[in-house]
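Below you'll find the structure, written out as structure tokens, and then a few comments.
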Amino acid sequence: MNLVIKPNGQSHWNNITFRCALGTGGISKDKKEGDGITPAGHFSLRQVFFRSDRISAPRTILPITCLKKTDAWCDCPESKQYNKLITLPFSGGYEMLWRTDTIYDLIAVVGYNDQPVIPGNGSAIFIHLATPSFSNTKGGIAFSKSALSKILEEWTEKSMVELMLCDN
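For the sequence shown, numbering that gives the first Met the number 0 assigns the number 0 to the initial residue and increments by one for each residue that follows.
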């Protein structure tokens, strides 16, 4: 069973349609660091992070890690840690995972640009929680908490994320 995500912000999972938010630049095969594009293609999910002070651990077969206040994701193409989890303090550019808002209370890491990592091709592509208005992301995919929880609970070893270039 695959999670199919279309440019119109509709996703399909196990015969259910969920609303989702995408990057400000839409979905494209030409993804670069900081462009706001959600990358097109087929991807696995690598692991799940969650804020244990705010939510319960999700049910999933994926590896689960509790976020810490010092957790971040390197988005500095010049760093050897590019597109990887880092611990602060860190001298390069990064995306904080411990946030005051709730969008990173639950994160699934998309297996994009990680085998191998190509500097500048994009980092921190996550499936995470949407804002109440489902505002666009910086390149990730955002769902309601109930939708993301259901997807993670039903995820299998064979499941993939399919980010489509067209709505058909």
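For every residue, glycine included, the Cβ atom is placed at its ideal position computed from N, Cα and C.
CA nearest to the CA of residue i, picked from the options
i    : options                   : result
K144 : V160, V108, V109 and Y103 : Y103
P115 : T23, D70 and Q80          : Q80
K149 : G35, S43 and T59          : T59
T99  : R53, G110, P118 and F125  : R53
K31  : G119, G139 and L162       : G119
E147 : L66, A129 and K157        : Per the sequence presented here, residue 147 reads as Leu, with Glu not at that position. Checked all of L66, A129 and K157; the closest Cα to L147 is A129.
R71  : I63, A20 and G92          : For the sequence presented, residue 71 should be read as Ala rather than Arg. Answer by Cα proximity: G92.
M95  : D74, N167, C165 and H11   : D74
A107 : E152, I85, T86 and S90    : E152
N135 : C19, P76 and E156         : C19
T101 : T64, G110, Q9 and F142    : F142
G40  : K5, F17 and T64           : K5
T69  : M159, G138 and W97        : W97
Delimiting residues of the beta strand (DSSP E) encompassing residue i
i    : result
E32  : That residue, E32, is in no beta strand (DSSP E); it is neither H nor E in DSSP.
T86  : L84 to T86
R18  : I15 to R18
C65  : I63 to C65
Y93  : Y93 to M95
Q80  : Where Q80 is concerned, there is no enclosing beta strand (DSSP E), given that its DSSP letter is neither H nor E.
E156 : Taken as a continuous stretch (DSSP letters only), E156 belongs to no beta strand (DSSP E), as it is neither H nor E.
S10  : Q9 to W12
G40  : G40 to F42
F125 : F125 to L128
Residue i, enclosing alpha helix (DSSP H) - first and last residue
i    : result
I150 : K144 to E153
Strand pairing of residue i, partner residues [DSSP]
i   : result
I54 : Answer by DSSP bridge pairing: none, since I54 is not bridged.
F49 : C65 and L105
D70 : T86
V3  : H11 and E161
G22 : T136
S27 : P38
* Cβ contact (3+ pairs, closer than 8 Å) linking the segment 16-33 and the segment 44-52 -> Note that the segment 16-33 does not touch the segment 44-52; fewer than 3 beta-carbon pairs, one per stretch, sit closer than 8 Å.
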